[in-house]
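Engineer:
In the working numbering, the protein residues as written are 2 to 181.
Shown next as structure tokens:
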């Protein structure tokens, strides 16, 4: 019987739990969930909560992690929505290593891996040397702003009215169709 022991990240007292593989009598199920499975959103939230706990613990334990300057006061290190994860940190190699350690730990615990073909790294105000080191560390493609995320324009400055006009037009059109 294979056994691995990992810390329980839901409890700050550092208890341990055991995961048993190859238990006799277990059927070998398929990976993943069927599309449209009603449990899928709940499982995603649970899994993302584990990821959040891992990152919070690593940030707490690592004096080398620095938050992005706009996120420092409220200590935002990541945002997730639907099946997307946005990591936010200072553009330093030491902060990136903490994020990478979190992704690696999460991958070991969950069996889930980041999709390098669908992942991008966005940097601003870092030297070309650091930029290349960050790209090498994660193995992601370099993205450039502006981008559209879920129909919303993401830019590095404050949004203006004209930036939001396509979204306003779509919502107005939808509302008009409901009235007719």
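The beta carbon of each residue, even a glycine, is placed where N, CA and C say it ideally should be.
Just to confirm my understanding: we take residue 142, look at its own chain, exclude 5 residues before and 5 after, and list those with CB closer than 6 angstroms. What are they?
Structural biologist: Cβ neighbours of residue 142 beyond the five flanking positions: 121.
Engineer: Per DSSP, residue 149 is paired with what?
Structural biologist: According to DSSP, which records beta bridges pairwise, residue 149 is partnered with 154.
Engineer: Contact check, residue 90 vs residue 100 under 8 angstroms by CB: the rounded distance?
Structural biologist: 6 angstroms between Cβ atoms; contact.
Engineer: Return helix, strand or coil for residue 138, following the three-state DSSP convention.
Structural biologist: Residue state, collapsed to three classes: helix.
Engineer: What do you get for residue 56, buried or exposed, if any count of 16 or more other CB atoms within 10 angstroms of its CB means buried?
Structural biologist: Per the 10 Å Cβ criterion, buried.
Engineer: In the region 75-116, which residue ranges form an unbroken alpha helix (DSSP H) of at least 4 residues, counting only runs that do not cross its ends?
Structural biologist: Runs found: 94-111.
Engineer: Using a Cβ-Cβ distance cut-off of 9 angstroms, determine whether residue 109 contacts chain D.
Structural biologist: In the displayed structure, chain D is absent; only one protein chain is listed.
Engineer: Are the Cβ atoms of residue 146 and residue 92 separated by less than 9 angstroms?
Structural biologist: No.
Engineer: Pick from 95, 94, 104 and 62: whose alpha carbon is nearest that of residue 87?
Structural biologist: That would be 104, whose Cα lies nearest to the Cα of residue 87.
Engineer: Tell me which same chain residues have a C-beta within less than 7 angstroms of the C-beta of residue 76, skipping the five on either side of it?
Structural biologist: Correct list, in chain order: 68.
Engineer: Is the Cβ-Cβ distance between residue 160 and residue 154 less than 9 angstroms?
Structural biologist: Yes.
Engineer: Hey, out of 43, 178 and 98, whose CA is closest to residue 84's CA?
Structural biologist: That would be 43, whose Cα lies nearest to the Cα of residue 84.
Engineer: In whole angstroms, give me the CA-to-CA distance for residue 78 and residue 164.
Structural biologist: Rounded to the nearest angstrom, the two C-alpha atoms are 26 angstroms apart.
Engineer: Going by alpha carbons, who is nearest to residue 114 out of 48, 38 and 181?
Structural biologist: Of the candidates 48, 38 and 181, the one whose C-alpha sits nearest the C-alpha of residue 114 is 48.
Engineer: Classify residue 127 as helix, strand or coil using the three-state DSSP reduction.
Structural biologist: Residue 127: coil per DSSP, three-state reduction.
Engineer: How close, in whole Å, do the beta carbons of residue 237 and residue 66 come, if the pair is a contact with beta carbons under 8 angstroms?
Structural biologist: The structure shown has nothing for residue 237, since the chain only spans 2 to 181.
Engineer: In the DSSP assignment, what are the bridge partners of residue 121?
Structural biologist: Its beta-bridge partners are 142.
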